[in-house]
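Each protein sequence line maps, in turn, to chains C and F. Position one of the first sequence corresponds to residue 1302 (my numbering), numbered consecutively onward. Position one of the second sequence corresponds to residue 8 (my numbering), numbered consecutively onward. What follows is a set of notes on a single structure, which appears directly below.
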Amino acid sequence: MTDRLSRRGFFWVAAAAAGAVIQDTVGAGRVYDPQRAGRPQTAITAADNDAGIQAVEKKLRCTCGCGLDVYTCRTTDFQCTYSPALHKDVLRLAGQGKTAQQIIDEFVKQYGEAALMAPPKHGFNLAGYFVPSIAIIVAGFFLVRVLRRWTREAEAAAPATVAPSNATPAELERLRRELDRLRG
Amino acid sequence: MGLLGHLSLWLAFLVGLWGAITGFAGGAQHRADLQQSARNATFALLGALIVAVISLEIAIFRHDFSLEYVAAYTSRNLPTFYLWSALYAGQKGSLLFWATVLSLFAVLAQVLTSRRHRAYLPYVAAVTSAVATFFIGVMLFADANPFQRLGFTPIDGRGMNPQLQNPGMVFHPPMLYLGYISITIPFAFAIAALLTKKLDSEWLVAVRKWTLVSWLFLSIGLILGMWWAYVELGWGGYWAWDPVENAALLPWLVMTAFLHSVMIQEKRGMLKKWNLALILGAWLLSIFGTFITRSGVISSVHSFTQSSVGYFFLGFLVVSAIASAVLYVKRLPLLEAEATLESMVSREASFLFNNLLLIGIAFSVLWGTLFPILSEAIKGTKITVGPPFFNQVNVPLGLALLAMTGIGPLIAWRRASLPNLRRQFAVPLTSCVFVLLILLVAGMRDIGALIAFSIGGFVLAAIVQEFARGARARHRQYGEPVIVGLFQLLSRNRRRYGGYIVHVAIVLLFVAFAGMAFKTETQATLRPGETATLQGPDGHVYSFTHQSISQYNALNRQVTAALLDVRRDGKAMGRLRTEKRQHVDALGNPTFEPSTEVGIMSGLRVDLYVVLAGLVNGTEQAVFRFTINPLVWWVWFGGFVLVIGGLIVLWPGGGPPPGTGPRPPRMQAGYAVKLEPER
């Protein structure tokens, strides 16, 4: 009986020691209350850090309504369940050998153009890209015209307002230099 | 307290209505009794609203959860610091805050406006009272009353959104509100000038400082908002072109344009129509921003919950825009310029191009913000207009604007001669090329960053040159040492040199923004003792060693904290701590989803930015995101310099001696030259 107990005791002590060694080696003991730390995470893989995958995800919008792209959402709001799922979709499509553009096209097919962080440059969307630039160019053109008209008007009015000068050319040159200096 | 607050709101509504009616009637009929009554109404309005605010704050501090607002945004264990800010944490309270601050500004406008602008004050009282009455009306009639009672009294409130429990959020919304709200005063003066037909430069003198006050508050609000987004949201950046961010940027851009073009009207009597339009536009954009924030019409992380409030704001915006436009068009004949442009190469022209760019950027931001609605209305297709769109459209415009920041002050008023231009541009252009070459030799290849840094060098050199020439001139004239000369320059011409300091801030901000092109990041799963390394854009290798995970309770939250040792090229730099927080109510029940607290180690060159994503299988094995953000510190420093520059410009005095009044515009543009024998 005693022998059995001691053998059993030895077994438990050994198991506990092994557990402690494993835990110490692995170095990742359980925390007091995992619920407090938010949604459980899975270990990061090389694909999660892949620059190509990230570049694609930065062009796709998360569907959770946060307004962020898939990459930013999945690496920011770790409570979101949409962006990790969309990330898996991207990885799956990349695993099928699809190019970045093909992956994006797949998303557009599934979710519509709202899946993109910026509208594609075709059709009506071109107005989105070019109306501001065109408006500024047109406004700039009108501004230049208005300024030219004003300067012409000023030039036309100038002779009537300039008083005759009795200064010598040398004095006028000095005056011009002084004015330049003051304007500076 | 709820009843007293509710009664105060009604009283404020009626007083505001009275103030608006008597102000307009008194101004139109030139009746002193009505004008005085309108003035008194602004004081009474402020009094009634202060009682309402105090009532709500008392209810919040007493945890009176019978009030729906108090139950929705506070809890018994909410720290006192955040109990104060609960006043504007929700839609209803923020409307009350808005109306109260507006009425405070209305009183200040009545009290601080000098005698020579008295003619405008009845209309100013009328406009401010009308706008405040609208806000109070929204509270009373659009289901947005902060004193609305619940049918029962809960034991505890829901508490404040964890992301709002950040010092940045205590100061950022009020600053932004102060900026938004104070635009009403210049707008009121503009309307008063249009109604009284006193459209000379007098009204400009009255509104310039108010516009500067609004601009300064809005600037502080925007910078604090960026800081809050950076330290709290955890995505590693500070500006995401979110519709609500854009809505705050729009009036800021328009006011910046005004603060430049107003100088042309003051000096030359030109651009009267344009300046009036800018003030009217800035205010309308502030109401548009309010509509965006509160209607839910465009999805945004900042938006308040969707409610009928949006329709009220839309109606108000449309009515105000039509009324302002009609009045403006009717007065156009009175807004003819007193002078004309003498040369295309002049400071006036450069300011106009600066205005073109500022308004162009404002238009492109507005266009991008509204394009999803437009697309849905026309094509029936929902689209997203995110940062890639805004960056593509606005970065080139922003760089052009940065260049104008340097070019403008280098060109003389009225007409610049070729030798003058050569003399003025030589050093800045050389600096620009020098910076470009240094960066190219150093291996920088990012085109956007190269252009931004080079133009930054050009603008900084231009500003330094301006200060140096000014100090040298003082040294020649008064024999002052350079340091004293610089101080005298600042104190005697605060507007000009304070403006240059603001330009320095703009350079710092642009350089910092460009730095983000070199951001690097990685994710890693680490057990205690394991290390992740990341090469920084500054050439150093940073390593992060996971030390431990600890869990504990604090105030109103349960914390899971990760501690990391940080090393640069193997040398210890210190420790970083990043947290997951589960907020709880007084009974220990979870109130919101767990939130993330970022660990930041900030430096002049880079910020180390660590986010705890979560734990693997409930163990100490944790998932982290490590980001190295270059030059972020310079954003906050640039913001600080901008505020200092703005305060210098705003500080009283430093201009012509008091009592001299504004000089006629034509007189201000000339030079007094005394020819002395050349040495």
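Glycine included, each C-beta is placed from N, C-alpha and C at the ideal position.
Asked, Found
"By the three-class DSSP mapping on this structure, what secondary structure does residue 1332 of chain C have?", "coil"
"If you follow the alpha helix (DSSP H) that residue 106 of chain F is in, where does it begin and where does it stop?", "98-119"
"Output, in chain order, the set of chain F residues within a Cβ distance shorter than 8 Å of residue 1380 of chain C.", "600 and 601"
"Below 8 Å on the Cβ atoms is my contact criterion, and I expect residue 53 of chain F with residue 67 of chain F to pass it. Report the Cβ-Cβ distance as a whole number of Å.", "Contact doesn't hold; Cβ gap of about 21 Å is too wide."
"Is residue 350 of chain F close to chain C, meaning its C-beta is less than 8 Å from at least one C-beta of that chain?", "yes"
"Would you call the region 569-588 of chain F and the region 508-525 of chain F in contact, with 3 or more CB pairs under 8 Å?", "no"
"Select from F:550, F:533, F:535 and F:249 the residue whose C-alpha is nearest the C-alpha of residue 541 of chain F.", "F:550"
"List the endpoints of the continuous alpha helix (DSSP H) containing residue 452 of chain F.", "Note, residue 452 of chain F: premise wrong, no alpha helix (DSSP H); not H, not E."
"On the CB-based measure, 16 or more other CB atoms within 10 Å of its CB, does residue 433 of chain F come out buried or exposed?", "exposed"
"Please work out which residues of its chain come closer than 7 Å, Cβ to Cβ, to residue 215 of chain F, disregarding the five sequence neighbours upstream and downstream, and give them in chain order.", "269"
"Between the Cα of residue 744 of chain F and those of F:199, F:84, F:440 and F:569, spot the shortest distance and give me the residue it belongs to.", "This structure does not reach residue 744 of chain F, given that chain F is present from 8 up to 686, and the question cannot be answered."
"Are any of the Cβ atoms in chain F nearer than 8 Å to that of residue 1337 of chain C?", "yes"
"Tell me which same chain residues have a C-beta within less than 7 Å of the C-beta of residue 213 of chain F, skipping the five on either side of it?", "120, 124, 127 and 196"
"Less than 8 Å between CB atoms is the rule here; does residue 1404 of chain C satisfy it with respect to chain F?", "no"
"Is the beta carbon of residue 224 of chain F less than 8 Å from the beta carbon of residue 182 of chain F?", "yes"
"For residue 275 of chain F and residue 256 of chain F, I'd like the C-alpha separation in whole angstroms.", "29 Å"
"Could you name the residues of the same chain whose beta carbon sits closer than 8 Å to that of residue 259 of chain F, not counting the 5 residues immediately before and after it, in chain order?", "186, 222, 225, 226 and 229"
"With 16 as the cutoff for other CB atoms within 10 Å, does residue 267 of chain F come out buried or exposed?", "buried"
"For a contact defined as C-beta to C-beta under 7 Å, what are the partners of residue 617 of chain F on chain C?", "Within 7 Å Cβ-Cβ: nothing; residue 617 of chain F doesn't reach chain C, min ~12 Å."
"So which residues of chain C does residue 104 of chain F contact, with C-beta pairs closer than 9 Å?", "Near residue 104 of chain F there are no residues of chain C at all, since even the closest Cβ is about 26 Å away, more than 9 Å."
"Would you say residue 366 of chain F and residue 379 of chain F are within 8 Å of each other, going by their C-beta atoms?", "no"
"DSSP on residue 1452 of chain C, reduced to helix/strand/coil?", "helix"
"Output the distance between the C-alpha atoms of residue 262 of chain F and residue 612 of chain F, rounded to the nearest integer angstrom.", "32 Å"
"Find the nearest neighbour of residue 353 of chain F within the set F:406, F:479, F:522 and F:416, judged by alpha-carbon distance.", "F:416"
"Can you pull the DSSP bridge partners for residue 551 of chain F?", "F:539 and F:573"
"Assuming the contact rule is C-beta atoms closer than 8 Å, residue 137 of chain F and residue 27 of chain F should be a hit. Round their C-beta distance to whole Å, please.", "4 Å"
"To the nearest angstrom, report how far apart residue 15 of chain F and residue 280 of chain F are at their CA atoms.", "41 Å"
"What residues match up with residue 609 of chain F in a beta bridge as DSSP calls it?", "F:614"
"Return the residue from the list C:1340, C:1399 and C:1458 that minimises the CA-CA distance to residue 1376 of chain C.", "C:1340"
"Can a CB atom of chain F be found closer than 8 Å to the CB of residue 1446 of chain C?", "no"
"Does the structure place the region 496-506 of chain F close enough to the region 474-481 of chain F that three or more beta carbon pairs sit under 8 Å?", "yes"
"List, in order along the chain, the chain C residues whose C-beta lies closer than 7 Å to that of residue 624 of chain F?", "1341"
"Am I right that residue 618 of chain F and residue 241 of chain F are in contact with their C-beta atoms under 8 Å? What's the rounded C-beta distance?", "5 Å"
"Which residues bound the alpha helix (DSSP H) around residue 297 of chain F?", "279-302"
"Using the three-state DSSP reduction, which class does residue 357 of chain F fall into: helix, strand or coil?", "helix"
"Going along chain C in order, which residues have a C-beta closer than 9 Å to the C-beta of residue 396 of chain F?", "1418, 1419, 1420, 1429 and 1430"
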